[in-house]
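These notes concern the structure reproduced below.
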Amino acid sequence: MAAPPVKNVAIIGAGGHIGKPFTEALLKTNKHNVTALTRVGSTSKIPAGAKVVEMDYDSEDSIVAALKGQQFLVISLGVRVPEEVHGKVVRAAAKAGVAYIMPNVHGFDPKGAGVANALFSAGSMRRIQDVEDAGVPWIVLTTGFWYEWSLALGDNWYGIDIKEKKAWFCDEGHNYMNTSTWSRCGEAFAALLSLPESGVSPSLADYKNYPCYVDSFAVTQRKILDSVQRATGTTDEDWEITCEPAEKRYKDGLAEMQTNPQRGFPKALYAHGWSKDGGREYTQKLDNDKLGLKPEDLDAVTKKVVEKVQDGWNPWVEW
């Protein structure tokens, strides 16, 4: 007999880049009680409809109290939050009796080839280990890189500078990776948590200690540039296109990390992802059909990003 979907869901970071679409999509289902957990004094804008509960990261009792009665916890902490906070939250969640935890591991494939590169995988694997050490099942939503974010940020991300009409291809720009829009991330999360908890398949329990694989589309850098060109009415003649070996670009990124980590790290990360051995293509693993997710329109999404970038959108602020 199928157990009903989990009802009580808590989200840390409900106003963030990934937490916001998670929260909004879950609220739209009208199937869950959604609680946004925030630190005391936070000014983050939480989607309407979520219950806001403040907690003190320095007090385990405060975190436990905030998590009492919750069945599923999503942790989405900002990059400036000290790493030890993740472990504190996980241990408190275990004490509070939370049944599932989605750790602060968003987009990454913990079962993929990318795990071999410790520079990019160590933090994610450590956070998964936090959950395993606490004795609570984890679930990761593997989405690939966020499409809007990665396209809009330009050269050191997906390698396309929309305003300057410049593109940097790893190898020849024909290696595939899966990628997801923020709306697809939210849609997938809501669909996952709307599955029966157990007793049938697919169910939430199917993904205990395993990733759920979703995407918007599988693309190459060439296909992304083609889409941008259709959105802007341009051709290759209007663009400055540079091709270089992914390995060289990766090493250049590592070197740049020594002086400018904010630029060097993404250059190395994305160059590794676009390489043939990057482990960012997982089409054969996709769970889209199980979750009822329909294909997205690459050109429609790209056009939206192009328009926002041309209007001066800063990708570091909310979409």
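If you read the sequence shown in UniProt numbering, its first letter stands for residue 1, the second for the next number, and so on.
We put the beta carbon where it would ideally sit given N, CA and C, even for glycine.
Item: Host beta strand (DSSP E) of Trp168 (start-end); Value: Lys166 to Cys170
Item: Contact between the segment 119 to 131 and the segment 92 to 111 (3+ Cβ pairs under 8 angstroms); Value: yes
Item: DSSP state of Ile18 mapped onto helix, strand, coil; Value: coil
Item: Cβ-Cβ distance between Ala190 and Ala25 below 7 angstroms; Value: yes
Item: Given 8 angstroms, three or more beta-carbon pairs between the segment 269 to 277 and the segment 239 to 246; Value: yes
Item: Inter-residue Cα distance where the pair is Pro295 and Gly114; Value: 25 angstroms
Item: Rounded separation between His174 and Phe145 - CA only; Value: 17 angstroms
Item: Beta-carbon proximity of Val231 to Val306, cut-off 7 angstroms; Value: Checking the displayed sequence, the identity of residue 231 turns out to be Ala instead of Val. In this structure, Val306 lies closer than 7 angstroms to Ala231 by Cβ.
Item: Selected residue, minimal CA-CA separation from Ser227, among Ile11, Lys304, Glu281 and Gly279; Value: Lys304
Item: Endpoints, the beta strand (DSSP E) within which Met55 is located; Value: Lys51 to Met55
Item: Exposure of Arg91, with buried meaning 16 or more beta-carbon neighbours within 10 Å; Value: buried
Item: Contact set for Val214: own chain, Cβ-Cβ below 8 angstroms, skip 5 residues either direction; Value: Leu141, Thr142, Thr143, Ser180, Arg184, Cys185, Ala188, Leu286, Asp287, Asn288, Leu291 and Leu293
Item: Segments assigned alpha helix (DSSP H), at least 4 residues, entirely inside the segment 99 to 155; Value: 118 to 134 and 147 to 152
Item: Bounding residues of the beta strand (DSSP E) (the contiguous stretch that carries Ser180); Value: Met177 to Ser180
Item: Closest by C-alpha distance to Ala66, when choosing among Ile46, Ile139, Gly97 and Arg80; Value: Gly97
Item: Whole-Å CB distance - Lys166 paired with Glu240, under 8 angstroms assumed; Value: 5 angstroms
Item: Cα-Cα separation between Ser76 and Val317, rounded to whole angstroms; Value: 16 angstroms
Item: Beta-bridge pairing of Val74 - partner residues as DSSP gives them; Value: Ile11 and Met102
Item: DSSP-derived helix/strand/coil call for Val6; Value: coil
Item: For Glu60, the nearest candidate out of Pro137, Val89 and His17 (CA to CA); Value: Val89
Item: Limits of the alpha helix (DSSP H) - the one that Pro261 falls within; Value: Pro261 to Trp274
Item: Length-filtered (3 minimum) beta strand (DSSP E) runs lying within the segment 183 to 217; Value: 210 to 213
Item: For Lys95, the nearest candidate out of Gly135, Val79 and Tyr207 (CA to CA); Value: Gly135
Item: Segment contact flag, the segment 196 to 210 with the segment 31 to 49, C-beta cutoff 8 angstroms, min 3 pairs; Value: no
Item: Own chain, CB closer than 8 angstroms to Lys68, minus 5 neighbours either side, in chain order; Value: Ala96 and Gly97
Item: Local Cβ density within 10 Å of Leu119, reported as buried at 16 or more and exposed below that; Value: exposed
Item: Range covered by the beta strand (DSSP E) that runs through Arg39; Value: Asn33 to Arg39
Item: Asp161 in three-state terms, based on DSSP; Value: strand
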